[in-house]
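Okay, so here's the structure we're looking at.
Below, the structure is given as C-alpha cells:
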C-alpha cells in the first residue's frame, strides 16, 4: 500500500524528503517547493515585489525550476530571463532551444548574449589556451561578467541565479577547507553590487536540494537540457559533490545544517577578513583587484590565441607550397 | 636503488612525508619528530622549562611517543607520567604493563589511578547502563576528570595529552560541521584551567600525524599496546577518520592546512560564542554547566546500576527457591 501525502492526506505520496521525514504527492511537493522559494526570498530580503528581477537561465533544470518557481511564488513580479549563448558545439544550441521553449511557455521576455557573434569567440576556443581541460574557470568568469552586462541592458537591478543547496554548500565547504575566507564571505545569499555597473545577485534556490530542482522541473513539465556540457567532468566540483553525498548519507539533514552554520559564520568572518583592495579595470571599468580584470584578461587570452592561429593557418599553404616546389626540384 | 635521506644525505630514506615532499632515514625522522614537538611547545607557549609537566599515558603509541619525544626535545624538563587504570578486562592490564615498561625504561615517575579500587566500578560496568555500546562518551568524561585529580595529587600544573593531528583535526571538523562552536573553541592547543582544581591542558603532538607517532614509537623501541579497546569501534570517531583519509588522499597536506585554518578561526569565534554559564558541581566542586557535573552523574549512574544488580542477585536465589518449592508442591 503506497504512503499517503503528508499534506493533503488524500493522494499517494511520491516524493520522500528524508531531512524533513515527510512524503508528499507531486502537487503538494510543488507547493512546498514554491513556499520555500517565497520564504527564502523574504528571509534574506532578496528583492521587493515591485522590482524587476532578472533570472539567469542556462537551459538546465535549476534555472528552469527557478524561473517557474519565482513566477508561482510571486505572481505579480516582473521577470526577465537572461541567457548567454556560450557557443559550445551542439550543447549550446540545445540549451538555447530549451531556454526559448521555457520562456515562451512562461511568457517571459528573454535577452540573449551571443558570445560568438558579439565577441568573436566561443567557450570551446579556450581549449586552444593553457586552460585546456579546466575550461569551467574562464567560463565562470565570463558568464559572471556578461550576466552583469545583460542585466544592465535589460534594466534589471536584481539578478537571481539557480544555485541550489548542493552547489552552495559544496562551494562553501571547499572554500572554507581551502582557508579562502575572503572568497567564502562572497558566497552569502545576497551579494550587493560593488559598482553601478553590477547587479545585486541573489540565490532563491539556496535551500533547495539539487534533486528537488530536478523533480520540480519534471513535475512542472518544464523544458530543460538532457545532455551535459562536454567541458564538465570538472574535477573539483564533482569531487565536492561526492564528499557531500558521503556526508549526507550519514545525516540526511547534513547539507541544511551546514548551510545554516555557514550563514551564521559568514557575518562573523566578514568583520575579520580583509577583502583585497578593489580598483577599476582600465579596459571595462568593472571593479577588479588587478589593473585589468579577470574577464578582460581571459577575453584577451582567447582572442590572441585565435589570432595567432589564424596567422599560422594563412602561412601554412605558403609553406606547403614551398615544400612542394622543393620536392618538384628534386 | 633506495632513495637517500634528504637530511643527512648518507643513509637510505625509509620514511616518506608526502605533505613535505621529503623522505628521511629513521634517525633523521626521529630528530624531525622531536624538533616539531619542541617548535609546537614554543609556538603555543605550552609550558616553561622549569615547569613540571604531567603526561597522560594510556599505553598507546601516541602517549608513548609524547613522553619519549618530550624527554628528547627538552632534556632538562621534569616529567611525571599519569595513568588511569580503567579496569577493562584484559585490555587495561595489558595497557598498564606497557605503561610500567615505558616509564621504567625512561625513568619517569608514574602515578596510577585504579578506577576499580578507588571508586568500586570499571568502565566495563557501563555496559549495564543505557550507554551500552557508546561507552567512549562516559569513559572520556571520567578520564578527563581523573587526570585533573591525578595531576593535582602529583603537583603538576600542566597536563600534556597525546592528541595527534588526526585526532585534533577530525574533532575540529566534526564539531564545526555540527555547528557546536562553544565546543570547537575548547579544542585550542592550550586550554587554561577554569578552576584551581583543574590543570592547564596542552597538546604537543597537535602537528604530528597519527602514522608518524606510530613510526616514532616503533623506531624508538617504545613499549605500547598491541591490542585494541574492546569498547572502541566508536562509530563517530571511526567515521571521522574515514572522512579525513578521503580528504587527505586528494591533498596530502589537507590535515595540516585544515588545522591551520581552525587555529586561525578559533580566536575569532571565541569573541562571538557565548560559553554556557559555569557553576560549581555541588558534589565534587569542579566547574560545571549543571548543578551536578557530567562526571558525578556518570559515576552515580554506574554505581546505582551496580547496586540494583547486587540487590537483584541477592533476591534471585530466594526467588528461585520459591519457584522450586512451588514446583515440588505440584
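Chains as they are written, first to last, in this note's numbering: chain A, 191 to 520; chain B, 191 to 520. For glycine and all other residues, C-beta sits at the position ideal for the given N, C-alpha and C.
Next on the checklist: Tell me the residue span of the alpha helix (DSSP H) that contains residue 422 of chain A.
Outcome noted: That residue, residue 422 of chain A, is in no alpha helix (DSSP H); it is neither H nor E in DSSP.
Next on the checklist: Run through the DSSP bridge pairs and tell me what residue 244 of chain B is partnered with.
Outcome noted: Note: residue 244 of chain B sits in a beta bridge opposite B:270, B:349.
Next on the checklist: Tell me which residues share the same chain as residue 267 of chain B and place their Cβ nearer than 7 Å to its Cβ, disregarding the 5 neighbours each side in the sequence.
Outcome noted: Cβ neighbours of residue 267 of chain B beyond the five flanking positions: 239, 243, 260.
Item to check | Nearest-angstrom Cα separation, counted from residue 210 of chain B out to residue 200 of chain B | outcome: About 19 Å.
Item to check | residue 238 of chain A (DSSP reduced to helix, strand or coil) | outcome: coil
Checklist entry - Using the beta-carbon count (16 or more within 10 Å), is residue 506 of chain A buried or exposed? => result exposed
Checklist entry - Is the segment 219 to 239 of chain B close to the segment 261 to 281 of chain B, with three or more CB pairs under 8 Å? => result Touching, per the Cβ criterion.
Item to check | Which residues DSSP lists as bridging residue 303 of chain A, in chain order | outcome: Paired residue(s): A:274.
Next on the checklist: Considering Cα atoms alone, identify which of A:212, A:281, A:208, A:193 is closest to residue 418 of chain A.
Outcome noted: A:281
Checklist entry - Using a Cβ-Cβ distance under 9 Å, would residue 433 of chain B count as near chain A? => result The beta carbon of residue 433 of chain B sits closer than 9 Å to some beta carbon of chain A.
Next on the checklist: Taking the straight line between their C-alpha atoms, what separation do you get for residue 344 of chain A and residue 301 of chain A?
Outcome noted: 7 Å
Checklist entry - When you check each C-beta in the segment 462 to 473 of chain A against every C-beta of chain B, which residues fall closer than 8 Å? => result Result list: 462.
Checklist entry - What three-state label does DSSP hand residue 206 of chain A in the structure shown? => result strand
Checklist entry - Anyone know if the C-beta pair for residue 255 of chain A and residue 350 of chain A falls short of 9 Å? => result Between residue 255 of chain A and residue 350 of chain A, the CB-CB gap reaches or exceeds 9 Å.
Checklist entry - For residue 326 of chain A, which of A:487, A:313, A:337, A:293 has the nearest alpha-carbon? => result Measuring from the Cα of residue 326 of chain A, the nearest candidate turns out to be A:313.
Next on the checklist: Suppose the cutoff is 7 Å on Cβ atoms and the five residues either side in sequence are ignored; what does the same chain contact list for residue 347 of chain A look like?
Outcome noted: 241, 389, 390
Checklist entry - Can the beta-carbon of residue 249 of chain A be found less than 9 Å from the beta-carbon of residue 305 of chain A? => result no
Next on the checklist: So, under 8 Å CB-CB, residue 387 of chain A and residue 475 of chain A are touching, yes? Tell me the CB distance rounded to an integer number of Å.
Outcome noted: 6 Å
Next on the checklist: Within 8 Å, do at least three Cβ pairs link the segment 215 to 223 of chain B to the segment 398 to 414 of chain B?
Outcome noted: yes
Next on the checklist: Counting only beta-carbon separations shorter than 9 Å, does residue 448 of chain B have a partner in chain A?
Outcome noted: At least one chain A Cβ lies under 9 Å of residue 448 of chain B.
Checklist entry - What are the uninterrupted segments assigned as alpha helix (DSSP H) that are 4 or more residues long and contained completely in the segment 342 to 421 of chain B, given in chain order? => result Listed in chain order, they are 355 to 367, 371 to 374, 400 to 409.
Next on the checklist: Any beta carbon of chain A sitting closer than 9 Å to that of residue 458 of chain B?
Outcome noted: Yes, contact with chain A.
Next on the checklist: Going by DSSP in three states, residue 227 of chain B sits in which element: helix, strand or coil?
Outcome noted: DSSP places residue 227 of chain B in the helix class (H, G or I) of the three-state scheme.
Item to check | Identified DSSP bridge partners for residue 478 of chain A | outcome: A:469
Checklist entry - So, are the CB atoms of residue 371 of chain B and residue 459 of chain B less than 9 Å apart? => result yes
Checklist entry - Is any beta-carbon of chain B found at less than 9 Å from that of residue 436 of chain A? => result yes
Checklist entry - residue 484 of chain B: which of B:342, B:411, B:468 sits nearest, CA to CA? => result B:468
Next on the checklist: Using beta carbons (cut-off 9 Å, strictly below), is residue 369 of chain B in contact with chain A?
Outcome noted: yes
Next on the checklist: Could you pull the DSSP bridge partners for residue 458 of chain B from this structure?
Outcome noted: Beta-bridge pairing links residue 458 of chain B to no other residue.
Next on the checklist: Applying the 10 Å Cβ sphere with the 16-neighbour rule, what's the burial state of residue 339 of chain A?
Outcome noted: buried
Checklist entry - When the distance is taken between beta carbons, is residue 298 of chain A closer than 9 Å to residue 274 of chain A? => result Contact: no.
Item to check | Proximal residues to residue 437 of chain A (C-beta, below 7 Å), its chain only, five neighbours per side dropped | outcome: Excluding positions up to five away in sequence, the list reads 444.
Checklist entry - Leaving out five residues before and five after residue 214 of chain A in sequence, what residues of the same chain have Cβ atoms less than 8 Å from its Cβ? => result 195, 196, 197, 203, 204, 205, 207, 222
Checklist entry - Mind checking if residue 451 of chain B is an interface residue toward chain A, Cβ cutoff 9 Å exclusive? => result yes
Next on the checklist: Between the alpha carbons of residue 416 of chain B and residue 225 of chain A, how many angstroms are there, rounded?
Outcome noted: 57 Å
Item to check | Residue interval of the beta strand (DSSP E) (run including residue 213 of chain B) | outcome: Start and end: 212 to 214.
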